[in-house]
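K.L.:
Got a structure for you, written out below as structure tokens; questions coming shortly.
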Amino acid sequence: MSHSNRSIALLLLIVAAALALTGIREFGVPAPAAHPAFGRGPTVVLLHGLGSSAQHWLPTARLLARRHRVVLVDLPGHGVTAMLEPFSLERATLALDLALANERGPVVLVGHSLGGLLAASEALEHPERVRGLVLVETALRPQFGAEQRTALLAALDQDYQGVLEAAYQSFGRDSAQGYALYQEVARLDPAHVKPWIRLALNADLSERAADLAVPVLAVLAERSWPQGEPWAEAAAELGYARVPQMRGMRIGGCGHFVMLDRPTELARAIERFTAMPAGEPVAVLR
């Protein structure tokens with residue numbers, strides 16, 4: 022690297038550190054770590070889910086980078102981003118907003134699972150930052166009743182690793198992938214994972230869904246939106262019924278981690294979505 026390039030790289034690091042420190046001083050939260058952007062075109066920001074990292078997006082991100090500028094973000098407590106203490110959806114949203122403040126204009130936010138919930142929260146709180154949402158295997162409302170949630174949290178305290186393994190086995194496209202995914206989340210600090218699990222079980226943005234002012238595409242695995250089930254039923258179950266500009270898409274032959282199992286189909290769906298003009302009529306994409 023030349024002396025001038027080293028100087029530029031050092032300056033960028035100093036600026037990034039200063040921005041993060043500004044967030045800590047003014048708002049009490051650090052911005053999440055955003056990996057260096059790559060590709061050229063409209064900006065797409067990719068958010069992973071619980072127990073993952075930006076690395077899980079790479080197969081899809083490389084395809085998107087042919088026509089987009091791609092930014093990968095590690096959520097609090099994951100990858101190279103420190104955990105928020107105390108933790109809440111509001112503080113995680115504020116942290117994400119600090120990262121997006123560095124972008125030159127509104128972006129398409131793509132979130133997987135809990136990353137999608139955070140993306141939706143950002144679009145509700147800071148709509149000027151977001152021009153579209155792609156929510157991959159994301160629910161905007163709790164998927165278990167109150168008694169089930171209480172039982173799950175109690176089980177988590179009694180047998181943390183056992184509950185995680187069972188959950189991630191169900192997420193995989195097969196048992197081998199499920200176990201590999203479990204091994205990744207098992208390496209994380211439980212103090213970083215449990216707050217996200219509580220959020221996943223209890224967060225409900227469905228009552229505010231009507232306030233989402235941007236187009237939304239929900240991408241669902243077939244196990245989440247089975248063949249033959251009307252979109253209206255799936256949308257109601259997942260909390261999308263009141264979203265004004267809503268589209269749904271089903272991708273078959275994959276588990277919960279669509280971006281690992283079907284990167285080509287997912288990248289194509291995101292490209293189609295970002296290319297749609299504003300005001301495009303609502304459609305269900307099969």
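All residue numbers for the sequence shown refer to this note's numbering, where the first residue is 22 and numbers rise by one.
Glycine included, every Cβ here is placed at the ideal spot set by N, Cα and C.
For Glu111, tell me which candidate among Ser245, Leu138, Arg208 and Val151 has the shortest Cα-Cα distance.
P.N.:
Measuring from the Cα of Glu111, the nearest candidate turns out to be Leu138.
K.L.:
Which word fits Ala172, buried or exposed, when buried means at least 16 other C-beta atoms lie within 10 angstroms of its C-beta?
P.N.:
Exposed, by the Cβ-count rule.
K.L.:
Hey, how far is the Cα of Glu250 from the Cα of Glu158?
P.N.:
Distance between the alpha carbons of Glu250 and Glu158 is about 16 Å.
K.L.:
When burial is assigned at 16 or more other CB atoms within 10 Å of the CB, is Leu96 buried or exposed?
P.N.:
Burial call: buried.
K.L.:
Whose C-beta lies closer than 7 Å to the C-beta of Asp232 among residues of the same chain, with five residues either side of it excluded?
P.N.:
Closer than 7 Å at the Cβ level, and outside the excluded window around Asp232, lie Leu145.
K.L.:
Would you call the segment 52-67 and the segment 77-96 touching, i.e. three or more CB-CB distances under 8 Å?
P.N.:
These segments touch.
K.L.:
Quick one: Cα of Ala257 to Cα of Ser142, how far?
P.N.:
Between Ala257 and Ser142, the C-alpha separation is close to 18 Å.
K.L.:
Determine the closest residue to Gln266 out of Pro107, Ala120, Met297 and Ala160, with distance taken between C-alpha atoms.
P.N.:
That would be Met297, whose Cα lies nearest to the Cα of Gln266.
K.L.:
Leaving aside the five residues before and after Met104 along the sequence, list all residues of the same chain whose C-beta is less than 7 Å from its C-beta, in chain order.
P.N.:
Cβ neighbours of Met104 beyond the five flanking positions: Pro97, Gly98 and His213.
K.L.:
Quick check: Ala255 and Gly274, are their CB atoms within less than 8 Å of each other?
P.N.:
No, the pair does not count as a contact, with Cβ atoms beyond the cut-off.
K.L.:
How far does the beta strand (DSSP E) with Thr64 in it extend, from its first residue to its last?
P.N.:
Looking at the DSSP string, the run of the beta strand (DSSP E) that includes Thr64 is Thr64 to Leu68.
K.L.:
What are the boundary residues of the alpha helix (DSSP H) that Asp95 is part of?
P.N.:
No alpha helix (DSSP H) contains Asp95, which is instead part of the beta strand (DSSP E) from Arg90 to Asp95.
K.L.:
Which value, in whole angstroms, describes the spacing of the CA atoms of Arg194 and Leu241?
P.N.:
Between Arg194 and Leu241, the C-alpha separation is close to 14 Å.
K.L.:
With three or more C-beta pairs closer than 8 Å as the rule, is the segment 209-229 touching the segment 149-165?
P.N.:
Short answer: they touch.
K.L.:
Is Leu154 closer than 8 Å to Leu130 when the C-beta atoms are compared?
P.N.:
Yes, the pair counts as a contact, with Cβ atoms nearer than the cut-off.
K.L.:
Taking the Cβ atom as the reference point for each residue, do His69 and Trp78 lie within a distance shorter than 8 Å?
P.N.:
Contact: yes.
K.L.:
Can you have a look at Phe294 and say buried or exposed, based on whether 16 or more other CB atoms are within 10 angstroms of its CB?
P.N.:
Classification of Phe294: buried, given that the 10 Å Cβ count is 16 or more.
K.L.:
Would you say Leu238 and Thr81 are within 8 Å of each other, going by their C-beta atoms?
P.N.:
Not in contact: Leu238 and Thr81 (Cβ atoms no closer than 8 Å).
K.L.:
DSSP three-state label for Gly300, please.
P.N.:
Reliability of the predicted coordinates at Gly300 is poor, the pLDDT of 46 falling under 50, and no value is obtained from them.
K.L.:
Quick check on the DSSP output: the beta strand (DSSP E) that includes Ala239 runs from which residue to which?
P.N.:
Unbroken beta strand (DSSP E) run through Ala239: Val237 to Ala242.
K.L.:
Using C-beta distances below 7 Å, list every residue in its chain close to Thr102, excluding the 5 sequence neighbours before and after it, in chain order.
P.N.:
For Thr102, where only same-chain residues beyond five positions count, the Cβ hits under 7 Å are Pro53, Ala54, Asp95 and Leu96.
K.L.:
Output needed for Gln198: all residues of its chain with C-beta closer than 7 Å, excluding positions within five of it in sequence on either side, in chain order.
P.N.:
Taken in chain order, the residues that qualify are Gly276.
K.L.:
Taking the alpha-carbon of Pro211 as reference, which of Ala140, Gln179 and Pro236 has the nearest alpha-carbon?
P.N.:
Closest option to Pro211, Cα to Cα, is Gln179.
K.L.:
When the Cα of Ala120 is compared with those of Ser134, Ala175 and Val151, which residue comes out closest?
P.N.:
The shortest Cα separation from Ala120 among Ser134, Ala175 and Val151 belongs to Val151.
K.L.:
Compute the Euclidean distance between the alpha carbons of Thr43 and Glu106, then round it to the nearest angstrom.
P.N.:
Bear in mind that the predicted position of Thr43 carries a pLDDT of just 39, short of 50, making it unreliable; the figure below should be weighed with that in mind. Roughly 17 Å separates the two Cα atoms.
K.L.:
Whole angstroms are fine: how far does the CA of Trp246 sit from the CA of Ala253?
P.N.:
Computed Cα separation, rounded: 11 Å.
K.L.:
Would you report the Cα separation of Arg170 and Pro284, rounded to the nearest angstrom?
P.N.:
Their backbone Cα atoms lie some 32 Å apart in a straight line.
K.L.:
Candidates Arg244, Ala234, Met280 and Ile291: which alpha carbon is nearest Arg263's?
P.N.:
The shortest Cα separation from Arg263 among Arg244, Ala234, Met280 and Ile291 belongs to Ala234.
K.L.:
Can you give the Cα-Cα distance for Glu168 and Glu292, rounded to whole angstroms?
P.N.:
When rounded, the distance between both Cα atoms is 41 Å.
K.L.:
On the premise that Glu243 lies in contact with Arg271, defined as a C-beta separation below 8 Å, what is that separation, rounded to the nearest angstrom?
P.N.:
Contact holds; Cβ gap of about 6 Å.
K.L.:
According to DSSP, is Val112 helix, strand or coil?
P.N.:
Note that residue 112 is Arg in the sequence shown, not Val. Looking at Arg112 - three-state DSSP - the assignment turns out to be helix.
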